[in-house]
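Comments concern the structure below.
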Amino acid sequence: MSTHPATASIEAQRGLKIPRHIGVIMDGNGRWAKQRGLGRSEGHKAGVEAVRRIVALAIEYGVDCLTLFSFSAENWRRPPDEVRFIFGLLRRFVTSDLERLHDQNVRIRIIGGREGLERGLRGIIHDVESRTAANTGLDLVIAFNYGAKTEIVNATRAIARKVASGELDPDSIDEATIARHLDTSGLPDPDLILRTSGEMRLSNFLLWQSAYAELVFVEENWPDFDEAVFVRALKSYTARDRRFGGVRT
Ligand code: IPE
Ligand code: IPE
Ligand code: MG
Numbered sequence: 000m001s002t003h004p005a006t007a008s009i010e011a012q013r014g015l016k017i018p019r020h021i022g023v024i025m026d027g028n029g030r031w032a033k034q035r036g037l038g039r040s041e042g043h044k045a046g047v048e049a050v051r052r053i054v055a056l057a058i059e060y061g062v063d064c065l066t067l068f069s070f071s072a073e074n075w076r077r078p079p080d081e082v083r084f085i086f087g088l089l090r091r092f093v094t095s096d097l098e099r100l101h102d103q104n105v106r107i108r109i110i111g112g113r114e115g116l117e118r119g120l121r122g123i124i125h126d127v128e129s130r131t132a133a134n135t136g137l138d139l140v141i142a143f144n145y146g147a148k149t150e151i152v153n154a155t156r157a158i159a160r161k162v163a164s165g166e167l168d169p170d171s172i173d174e175a176t177i178a179r180h181l182d183t184s185g186l187p188d189p190d191l192i193l194r195t196s197g198e199m200r201l202s203n204f205l206l207w208q209s210a211y212a213e214l215v216f217v218e219e220n221w222p223d224f225d226e227a228v229f230v231r232a233l234k235s236y237t238a239r240d241r242r243f244g245g246v247r248t
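The opening residue of the sequence shown carries number 0 in numbering that gives the first Met the number 0; numbering runs sequentially from there.
Listed below in structure tokens is the structure:
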């Protein structure tokens, strides 16, 4: 359970359970733009404002960890112009918001493949992570060029290399070993996975980590995400009976 003072007061005031870790599949930017007769880029731009809103809400409500799915390994299938635009937005977001997030004690981690990212962007990612590494507030995880199956493949390779070199006994491999070799090593598993835009699938997001997450799907497109949507998702989460295979006594 979280020990944030904010969490305690919001839990008491509104009767909401606050998940320690929320994973968000930020979907529907394109449809949001289309509904307004705008290009898809405008939807992605508006999506960045929604990112700022959810980060502020996570801090206010005392969430420990927030993982945002911002570009999937499969999103390379999109037109090159759109891919370039999304990369530009990430670059601008991490550089323009870094100081403010750092002042708010946010620790930033970017998960997903680094190969395929240009050197400049890799440098920015490295700087942002090292600059905020000692912060103790919200863990903000940005899943960029991320795919859960590839993450599991990479973990498997790393473990296999240790076995081959004699560093690791195969019989000692357990769930914790695998978790330690994933990009999310050290973070709690998500309690809540939220997806916007009415789609009901995981699209290769945090597959291992979501084994017991509560899934909440909302109809709003990502750029329309606000506190009302956030609170509705938390209410839905609060009403769930998390049994983890056991029975209620
Ligand atoms: C989510 O919105 C943003 C990314 C996947 C990068 P989409 O771009 O998928 O929007 P829709 O699903 O086409 O509406
Ligand atoms: C999932 O959304 C990826 C992100 C939100 C970054 P997509 O819009 O790419 O997913 P599919 O293609 O509808 O499954
Ligand atoms: Mg989509």
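We put the CB at the ideal spot given by N, CA and C, even for glycine.
1) Using 8 Å as the Cβ pair cut-off and three pairs as the minimum, do the region 122 to 136 and the region 187 to 207 touch?
2) Based on DSSP bridge pairs, tell me the residues matched to L120.
3) Under 8 Å Cβ to Cβ from I123, same chain only, skipping five residues before and after it: list those, please.
4) How many Å lie between W267 and A157 at the Cα?
5) Using the Cα positions of G22 and H43, report the straight-line distance between them to the nearest angstrom.
6) For chain D, find out if any of its Cβ atoms is closer than 8 Å to the Cβ of A175; answer yes or no.
7) Starting from Y60 and walking both ways along the alpha helix (DSSP H), at which residues does that stretch end?
8) Run the CB neighbour count on D80, radius 10 Å, all protein chains shown included, and call it buried at 16 or more, exposed below.
9) By a C-beta neighbour count over all protein chains shown, 10 Å radius and 16 as the cutoff for buried, is H125 buried or exposed?
10) One question on the structure: do I53 and Q103 come within less than 8 Å of each other, judged by their Cβ atoms?
11) What residues does ligand 1 have around it, judged by CB closer than 5 Å to any heavy atom, in chain order?
12) Run the proximity test for N74: is its beta-carbon closer than 7 Å to any non-hydrogen atom belonging to ligand 2?
13) State whether the region 96 to 114 contacts the region 170 to 179, with contact taken as three or more CB pairs (one from each stretch) at a distance under 8 Å.
14) Does the pairing of the region 137 to 152 with the region 111 to 120 give three or more beta-carbon distances under 8 Å?
15) Alpha carbons only, please: which of F86, T155, E73, V140 is nearest the one belonging to R121?
16) For G14, I'd like the list of residues in its chain whose CB is within less than 8 Å of its CB, leaving aside the five on either flank, ordered along the chain.
17) Would A32 pass as a contact of E41 if the rule is Cβ separation under 8 Å?
18) Closer than 7 Å: is that where the CB of P187 sits relative to any heavy atom of ligand 4?
19) Go ahead and pull the three-state DSSP assignment for E267.
Reading from the atomic positions:
1) no
2) Beta-bridge pairing links L120 to no other residue.
3) R90, V93, T94
4) Lying before the first or after the last residue shown, residue 267 is absent from the chain, which here runs from 0 to 248.
5) 19 Å
6) Protein chains in the displayed structure number just one, and chain D is not present.
7) 39 to 60
8) exposed
9) exposed
10) no
11) Qualifying residues, in the order they occur: D26, G27, N28, G29, R30.
12) yes
13) no
14) yes
15) F86
16) Excluding residues within five positions, the ones whose Cβ falls inside 8 Å are T237.
17) yes
18) Absence of ligand 4 from the depicted structure is noted, with ligand 1, ligand 2 and ligand 3 being the only ligands included.
19) The requested residue 267 does not occur in the structure, where the chain is confined to residues 0 to 248.
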